[in-house]
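A quick write-up on the structure given underneath.
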Amino acid sequence: DSGVTQTPKHLITATGQRVTLRCSPRSGDLSVYWYQQSLDQGLQFLIQYYNGEERAKGNILERFSAQQFPDLHSELNLSSLELGDSALYFCASSVAPGGYNEQFFGPGTRLTVL
Amino acid sequence: AQTVTQSQPEMSVQEAETVTLSCTYDTSENNYYLFWYKQPPSRQMILVIRQEAYKQQNATENRFSVNFQKAAKSFSLKISDSQLGDTAMYFCVLHNAGNMLTFGGGTRLMVKP
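This is the structure:
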């Protein structure tokens, strides 16, 4: 158990819908990362937050948005869902940004868009 | 843009033997970190080993070691005394100074009894 929690574990929805994925970092970690793992795109870094502020942005679509709240939990919002958005979405946390800080991954949220 | 390439989609090794997974990368930066993560069938991502680009000494973690060749932009992972629990997908990851992370396509390793 990494100490990072993600809810829900599974999510099934239809095209065009909007969903919210939630991540609670390990106690004491201020930085949160979001990743997407799909069959055709592999693993991709989406976005990173540190203490409530966006620090780095990767291959995140405009239909997707994220935020980190004062209690440090983070939410990833996916809207106008398409079939290709079906993927495993991981959240990871670390004490601070930077490669010297180990990231601890949550178990992921499996999103299926029908 | 930075890229990470893992040229071996699948590999297999006999239990107790040694296997090397390859990774090459491209970046214009001088300061960065390289990682190997494993993803077993449970799908949990687990850090295996980390290398800081400014350190010439290769990182080691018990049975895991890397061969970091900065000039060649190569970062291979050697697993010694392979165990059944090493069966997993292995990802090579580049983390740059701007906190951008790039993953390789992964190598699926099967350890055979």
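For the record, the sequence lines run as chains A and B. FYI, the numbering for the first sequence is 817 to 930, going by the working numbering. FYI, the numbering for the second sequence is 85 to 197, going by the working numbering. Ideal Cβ positions, reconstructed from N, Cα and C, are used throughout, including at glycine.
Query raised in the report: Applying a beta-carbon distance threshold of less than 7 Å, which residues of chain B neighbour Gly844(A)?
Result: Going along chain B, no residue has its Cβ under 7 Å from Gly844(A), so there is no contact; the nearest lies around 17 Å.
Query raised in the report: Thinking just about the alpha-carbon of each residue, which of Thr89(B), Ala172(B), Val97(B) is nearest to the one in Ser106(B)?
Result: Thr89(B)
Query raised in the report: Could you give the distance in angstroms between the alpha-carbon of Phe921(A) and the alpha-carbon of Ala156(B)?
Result: When rounded, the separation of the alpha-carbon atoms in Phe921(A) and Ala156(B) is 30 Å.
Query - Spatial neighbours of Asp110(B) in its chain, beta-carbon cut-off 7 Å, leaving aside the 5 residues before and after - result: Gln86, Thr87, Lys157
Query raised in the report: For Phe175(B), which residues in chain A fall below 9 Å Cβ to Cβ?
Result: Result: Gly858, Leu859.
Query raised in the report: Any beta-carbon of chain B closer than 8 Å to the one on Gly924(A)?
Result: yes
Requested in this report: Name the two residues that bound the continuous beta strand (DSSP E) containing Gly819(A).
Outcome: Looking at the DSSP string, Gly819(A) is not in any beta strand (DSSP E), and its letter there is neither H nor E.
**Report entry** Proximity test, Cβ basis, 8 Å: Pro824(A) and chain D
**Finding:** Protein chains A and B are contained in the structure displayed, whereas chain D is not.
Query raised in the report: Between the segment 891–898 of chain A and the segment 835–844 of chain A, do at least 3 Cβ pairs fall closer than 8 Å?
Result: yes
Query - Pairwise C-alpha distance: Ala172(B) and Ser126(B) - result: 9 Å
Query raised in the report: Is Gly65(B) helix, strand or coil by DSSP?
Result: Absent from the structure is residue 65(B), since the part of chain B shown begins at 85 and ends at 197.
Query - Cutoff 8 Å: Glu136(B) Cβ touching any chain A Cβ - result: yes
**Report entry** C-alpha gap between Gly832(A) and Leu904(A), whole angstroms
**Finding:** 18 Å
**Report entry** Check: Gly900(A) C-beta below 7 Å from any heavy atom of the ligand NAP
**Finding:** In the structure on display, the ligand NAP does not appear, and there are no ligands present to speak of.
Query raised in the report: For Phe774(A) and chain B, any beta-carbon pair shorter than 8 Å?
Result: Limits of chain A in this structure are 817 at one end and 930 at the other, which puts residue 774(A) out of reach.
Requested in this report: Could you name the residues of chain B that Glu918(A) contacts, counting a contact when the two beta carbons are closer than 7 Å?
Outcome: Leu131
Report task. Report the option in Tyr849(A), Val929(A), Val911(A), Asp901(A) whose CA atom is closest to the CA atom of Lys873(A). Result -> Tyr849(A)
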